[in-house]
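In full-length UniProt numbering, the protein residues as written are 1 to 375.
Built from N, CA and C at the ideal position, the CB exists for glycine as well.
Keep in mind that this is a model prediction, so the values were computed, not measured.
This report concerns only the one structure given below.
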């Protein structure tokens, strides 16, 4: 693969449009890093990663990685990982190289005039979706309406966030019970976002045992694998985890702990190759695979390229990001997200809107991003 001549990383923080979900995981919930690479033939590739230490991720790409490639280092994420991360740390370096690997893959697919999914194997044209729409800010009636609407539109299931807004286990279970009554036999997932201690998670599992949850996602603080193992041993409901893990070894340990749904996300795991490796290793250990933490526009490609089954998450909170990169939020058809026909990832960036919500780098002079206030 010909090395790109340039790497440009920027941080963006889009504001809400009417109807967008409110932030629920901190004020930087929708911050992301965009990477654009260009080769000497004028081709470009796009990559992204999430909100954690976004300024540091962008700085690392714009300086250390760019300088290494300019000095002749191969534009190869595995080689760069060995160079910058010889001891297998996670964090900034993995997030940055995730975005770079995604951009390099997008670049190669664009060169060939095919989708990233086709480049990665073209296993299927689309994947069923679980829609994350059960946000903490919704009262119970609005929650039920949102979930029922997605199921009526064909979604395989819906995901409801729990352990938020100070709600008790009893309150969360009552909300889930109302959703279950509204959606019938559709799949129902409860996502705690690592918000419980082990005792609370155990109480929740007992109280929700009759709701036929497809899985309970990341119940305990820090994805503590020992606590997850003890919860899994109760055999009350399947447990899912791994959406922001950045190490293949961690996925192996989670599977060994009894996590039955592994959730690698390419924007955090190290890119497409790392997500696929984690998925295949997990499947060999008997795990189902279903990426989470948003970025459905990216994860759809490796799921449909490399895996013959498994659902993807369609995260409604990411609609505001998808509008910037795709022109509109992704739309499921008959309950499936289909791979775009366009080359690469199918991005069609709104450059004006991206510029308006760009966050200046530390020390950079410039206007404050023109973001819409949260409703």
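Between the C-alpha atoms of residue 92 and residue 184 there is a straight-line separation of about 42 Å. Three or more beta-carbon pairs drawn from the segment 154-165 and the segment 120-139 are found closer than 8 Å, and the two stretches are therefore classed as touching.
The beta carbon of residue 43 sits closer than 7 Å to the beta carbons of 107, 110, 111 from its chain, once the five residues preceding and following it are set aside; these are given in chain order.
Excluding the 5 residues flanking it on each side, residue 260 has same chain C-beta neighbours closer than 8 Å at 215, 232, 238, 239, 240, 286, 287, 288, in chain order.
For the 9 Å CB-CB criterion, residue 115 and residue 345 form a contact. For the 9 Å CB-CB criterion, residue 94 and residue 269 form a contact. In the displayed model, residue 133 falls within a strand according to three-state DSSP. In the structure shown, residue 315 falls within a strand segment according to DSSP collapsed to helix, strand and coil. If you draw a straight line from the Cα of residue 8 to the Cα of residue 124, it comes to about 32 Å.
Between residue 265 and the set 235, 187, 299, the nearest pair of CA atoms involves 299. Per DSSP, the beta-bridge partners of residue 215 are 189.
The segment 244-256 makes no contact with the segment 70-77; the number of CB pairs closer than 8 Å stays below 3.
The beta carbons of residue 143 and residue 180 sit no closer together than 9 Å.
Under DSSP, residue 59 forms no beta bridge with any residue.
In the DSSP assignment, the residues bridged to residue 333 are 336. For residue 34, the three-state secondary structure derived from DSSP is strand. Here residue 196 carries a strand assignment [DSSP, helix/strand/coil]. Distance from the CA of residue 208 to the CA of residue 199, rounded to the nearest whole angstrom, comes to 14 Å. A Cβ-Cβ distance of about 6 Å is found for the pair residue 12 and residue 34, placing them in contact under the 8 Å criterion. Residue 297 and residue 350 have their alpha carbons spaced roughly 15 Å apart.
9 Å or more divides the Cβ of residue 310 from the Cβ of residue 105.
DSSP, read as helix, strand or coil, puts residue 110 in helix. Each residue's CA atom was taken as its position, placing residue 313 and residue 363 some 37 Å apart.
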